[in-house]
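So the sequence lines, in the order shown, correspond to chains H and P.
First residue of the first sequence? That's 1 in UniProt numbering, and the numbers climb one at a time after it.
First residue of the second sequence? That's 1 in UniProt numbering, and the numbers climb one at a time after it.
Cβ coordinates follow ideal geometry from the N, Cα and C atoms, glycine included.
Keep in mind the model is a prediction, meaning the values are calculated, not measured.
Read the structure below first, then the notes.
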Amino acid sequence: MKGLELIKKAMKLEEVERIPWVPFVGAHAGSLLGLTATEYLQSADKIVEGVNKAIETYHPDGIPVAFDLQIEAEALGCKLAWADDNPPAVISHPLMEGTKLEDMKVPCACKGRIPMVMEATRKLREQHADVALYGLITGPFTLALHLLGTDIFMQMMMDPEATHQLMRFATDVAKMMAGNYIEAGADVIAIVDPMTSQIDPASFETFVTPYITEINDFIRDADALSSFFVCGNAQQNIEQMCKTKPDNISIDENIPLDYVRDIALKHKVSFGGNIKLTVVLLMGDEEASRRDALECMDIGGKKGFILAPGCDLAMATPKENLIAVSELVRDEVLQGELRASEAATDNIELLDLTNHWDKDKVVIDIITLDSSSCAPCQYMVDAVARASEKYGDKVVYKEHRIKEMEGVQMMATLGVKNLPTIVIDGNIDFISQIPPINAIQAKIEAYLEAKN
Amino acid sequence: MNELFEKLADCVEFGKINKVSPYPPNMKDQDGADEIAKQLLDQGVSANDILMKGLMIGMEKVGVKFRENKVFVPQVLMSAKAMTAALEHLKPYFQSGEAERKGTFIIGTVEGDLHDIGKNLVAMMVEGNGYEVIDLGTDVKAETFIEAAENNPGSVIGLSALLTTTMSNMEKIVGVIKEKHADLKVCIGGAPVNQDFCDRIGADSYNPDPQGVVEFLNALAS
């Protein structure tokens, strides 16, 4: 199934055949090209080249065109400090430095780096019809904070009307950006508003909800999908986020995914997250990346969930870790193996196999994912069945599917670590590759000989 | 006398800066932290008592509420502003030595990170709890932290990062500090930071909220 279709299904809360994967590759794509963030984020051609490289390497179902929450601020006159390994940072706040709000205008889409990201979007759209393109816009509260600085938190309390006017302006900017991204071909508009994590639910409801709702409606009217991104511990605002009626919300590892899942589904909103960005993807290895991703997948499930990192990937994130995740999402056998090995270390109740063995018969256990949905598993079971025919009731075989708890327990009890595996009289004899019939029969005869 | 301490603590807890401030609505037109601190000084109350019996009590209540997610950044900033307004009146007494600080805390955001909200919150709350705070600002290199620590023996360093993309700089900075001064205490915080990360990079304390920083400093000072 094509990535864009998967994303659409997930966001409509339809069951998907596999969980969609959306790595938040921003300046990290620059590192794939050997560029600094400064070089990468100031060139449409480099962005196209970098996103192409990321698509080729990580096989995403969706991907951001650029992850930079300073584009609108820059177009509005904020000064930026550029860095080698980070997106730029806003270092000036016009409304704190004498500019009046009434003198500010929604910028022309021709200003600053806006044309750059729109051009990149158009080119990527032409080249990747099937990958969901995410156009990221600065959420209005975060943009308002760029313009006014942290004084906005006091202004909210001391002069709420002024904050509403500022949010009105920031929302108009956001709609301009969303409209241009959609026109350029973006499928999903992500409203990225990390600063909303800092405020209480009552303030969120007053100063954020009406404006984000308006943006979400605008995006829907333009036949695109909307996603509401927040970074940081925004647990107190998850419910309010859902009430803005986005198609999707996405969170980072500060918030428990099961908590988000339950609230989102209650509001009929799809949800994404939240592979650990730092201790796993940046500092961990492939094994840790697979395990953390699988944990998210198992919590998120196949209805409404999109697997993503917690936030913008660090440039130095090892690409091997992201490749490991991209392979995992498509490999149900590997998922099963990880679950079973996790089960063993999680002290799953091992089975008492005392009565499982037989002093007169050879007992064959085939550990599979599920022979109906895993082709190698099916052939493995078939091979055992055919090999056993000539021995009649002297050979007993049984399939143990690890999609069922008994299968997981059996796998752990027998010490099996790969799928599919053939265990004969408790001995792991064939792993992964389907053996020839005569090889199985040779083993059976050896065990029968030993019993006589 | 006792009543004014309580009022001052309330002003800090609920963010009543001064008389003209319209926030919080139920304290409108009342004296704020600014006026009450001055009244206490005029009555001959010592700066230390004003800090210990008024400001710190209010600030601790806010810190606990913040930790428990009962108040958030806007409320805490208003409290910090109220505390700052009162502290302005006490500054001469700290400088003259009549009132004592409990220790020195050096704070900044790590190199590459120019976000200052969390850092400012921690700085204000730590100061409100009786410590001298040296705020190095944003985008601070390891060498700058070390120099400030060497100029202030016994101080503790606080590192803040809001960007996940500047996490690796935090690790480098902690590494450089510990290499030069193994006994220098470093605490870390910021939205993407957690205990796992703290353990990995060898920092002494991770605190998800400013009150945790205060408690860490208080434990060291005792």
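Please go through the same chain and pick out, in chain order, the residues whose beta-carbon is closer than 7 Å to the beta-carbon of residue i, but skip the five residues on each side of it.
i: G137 of chain P; result: G108
i: L136 of chain H; result: P64, A66, F67, A190 and V192
i: residue 228 of chain P; result: With chain P running from 1 to 222 in the structure shown, residue 228 of chain P is simply not present.
i: E205 of chain H; result: Q240
Residue i and residue j look like a contact to me (Cβ under 8 Å); what is the Cβ gap, rounded to whole Å?
i: L184 of chain P; j: V126 of chain P; result: Not quite, the Cβ-Cβ distance comes to about 17 Å (not below 8 Å), so this is no contact.
i: N152 of chain P; j: I106 of chain P; result: 7 Å
i: G112 of chain H; j: A75 of chain H; result: 4 Å
i: L95 of chain H; j: L147 of chain H; result: 5 Å
i: C231 of chain H; j: C311 of chain H; result: 4 Å
i: T166 of chain P; j: V213 of chain P; result: With a Cβ gap of about 19 Å, T166 of chain P and V213 of chain P do not count as contacting.
i: K398 of chain H; j: D429 of chain H; result: Not really, about 15 Å apart at Cβ, beyond 8 Å.
i: I55 of chain H; j: V117 of chain H; result: Actually they are not in contact, since the Cβ atoms of I55 of chain H and V117 of chain H sit about 17 Å apart, beyond 8 Å.
i: K361 of chain H; j: K394 of chain H; result: 6 Å
i: M59 of chain P; j: N129 of chain P; result: 6 Å
How should residue i be labelled, buried or exposed, when 16 other C-beta atoms within 10 angstroms of its C-beta is the threshold for buried?
i: V64 of chain P; result: exposed
i: W21 of chain H; result: buried
i: K100 of chain H; result: exposed
i: G50 of chain H; result: buried
i: I251 of chain H; result: buried
i: Y206 of chain P; result: buried
i: P88 of chain H; result: buried
i: S155 of chain P; result: buried
i: A129 of chain H; result: exposed
i: A221 of chain P; result: exposed
i: G175 of chain P; result: exposed
i: N120 of chain P; result: buried
i: I91 of chain H; result: exposed
i: T276 of chain H; result: Checking the sequence shown, residue 276 of chain H turns out to be Lys, not Thr. Buried, because 16 or more other Cβ atoms sit within 10 Å of the Cβ of K276 of chain H.
i: N185 of chain H; result: The sequence given here has Gly at residue 185 of chain H, not Asn. It is buried - the Cβ of G185 of chain H has at least 16 other Cβ atoms within 10 Å.
i: G202 of chain P; result: exposed
i: residue 454 of chain H; result: Because residue 454 of chain H is not part of the residues shown, which for chain H are 1 to 452, the question remains open.
i: Q127 of chain H; result: exposed
i: residue 473 of chain H; result: The requested residue 473 of chain H is not part of the displayed model; chain H covers only 1 to 452.
i: A132 of chain H; result: buried
i: T317 of chain H; result: buried
i: T354 of chain H; result: exposed
Leaving out the 5 sequence neighbours to the left and right, which residues in its chain are closer than 6 Å to residue i when beta-carbon positions are compared?
i: D247 of chain H; result: M11, L225 and S226
i: A80 of chain P; result: M124
i: F141 of chain H; result: D193, M195, T196 and V208
i: D217 of chain H; result: none
i: M411 of chain H; result: A340, I367 and I402
For the beta strand (DSSP E) holding residue i, just list the boundary residues, first then last.
i: H89 of chain P; result: Unbroken run through H89 of chain P is the alpha helix (DSSP H), V73 to S96; no beta strand (DSSP E).
i: V51 of chain H; result: No beta strand (DSSP E) holds V51 of chain H; the alpha helix (DSSP H) holding it covers A44 to Y58.
i: E389 of chain H; result: Where E389 of chain H is concerned, there is no enclosing beta strand (DSSP E), given that its DSSP letter is neither H nor E.
i: S226 of chain H; result: L225 to F229
i: A190 of chain H; result: V188 to V192
i: E132 of chain P; result: E132 to D135
i: T368 of chain H; result: V362 to T368
i: G158 of chain P; result: V156 to S160
i: residue 497 of chain H; result: Beyond the ends of chain H as shown, which are 1 and 452, falls residue 497 of chain H; an answer cannot be given.
Go to residue i, then tell me how far its alpha helix (DSSP H) extends in each direction, as first and last residue.
i: T163 of chain H; result: P160 to A184
i: T213 of chain H; result: T209 to D221
i: L414 of chain H; result: M405 to L414
i: H400 of chain H; result: Per DSSP, H400 of chain H belongs to no alpha helix (DSSP H); it is in the beta strand (DSSP E), V395 to R401.
i: N48 of chain P; result: A47 to I50
i: T38 of chain H; result: A37 to Y40
i: Y259 of chain H; result: L257 to K266
i: I57 of chain P; result: M56 to R67
i: G446 of chain H; result: Sequence inspection shows Ala at residue 446 of chain H; the Gly mentioned does not correspond to that position. I437 to K451 is the extent of the alpha helix (DSSP H) around A446 of chain H.
i: D130 of chain H; result: Note, D130 of chain H: premise wrong, no alpha helix (DSSP H); not H, not E.
i: G77 of chain H; result: Here G77 of chain H belongs to no alpha helix (DSSP H), and DSSP marks it neither H nor E.
i: S168 of chain P; result: M167 to K180
i: C374 of chain H; result: First-last for C374 of chain H: undefined, no H or E at that position.
Going by beta carbon distance, what residues of the same chain come within less than 8 Å of residue i, once the five residues before and after it are set aside?
i: R386 of chain H; result: I437
i: K302 of chain H; result: E15, V16, E17, R18 and I19
i: I134 of chain P; result: T104, F105, I106, I107, A148, N152 and S155
contact_flag[the region 84-104 of chain P, the region 49-56 of chain P] where n(CB pairs < 8 Å) is 3 or more: yes
Meets three-Cβ-pair contact criterion under 8 Å: the region 258-278 of chain H and the region 302-321 of chain H: yes
Cβ contact (3+ pairs, closer than 8 Å) linking the region 78-86 of chain P and the region 30-43 of chain P: yes
Three or more C-beta pairs below 8 Å linking the region 200-215 of chain H and the region 162-170 of chain H: yes
Inter-stretch contact at 8 Å, needing at least 3 Cβ pairs: the region 41-48 of chain H / the region 324-337 of chain H: no
Three or more C-beta pairs below 8 Å linking the region 432-443 of chain H and the region 383-401 of chain H: yes
Validate contact between the region 376-384 of chain H and the region 346-357 of chain H using beta carbons, cut 8 Å, 3 pairs: no
Given 8 Å, three or more beta-carbon pairs between the region 405-416 of chain H and the region 2-9 of chain P: no
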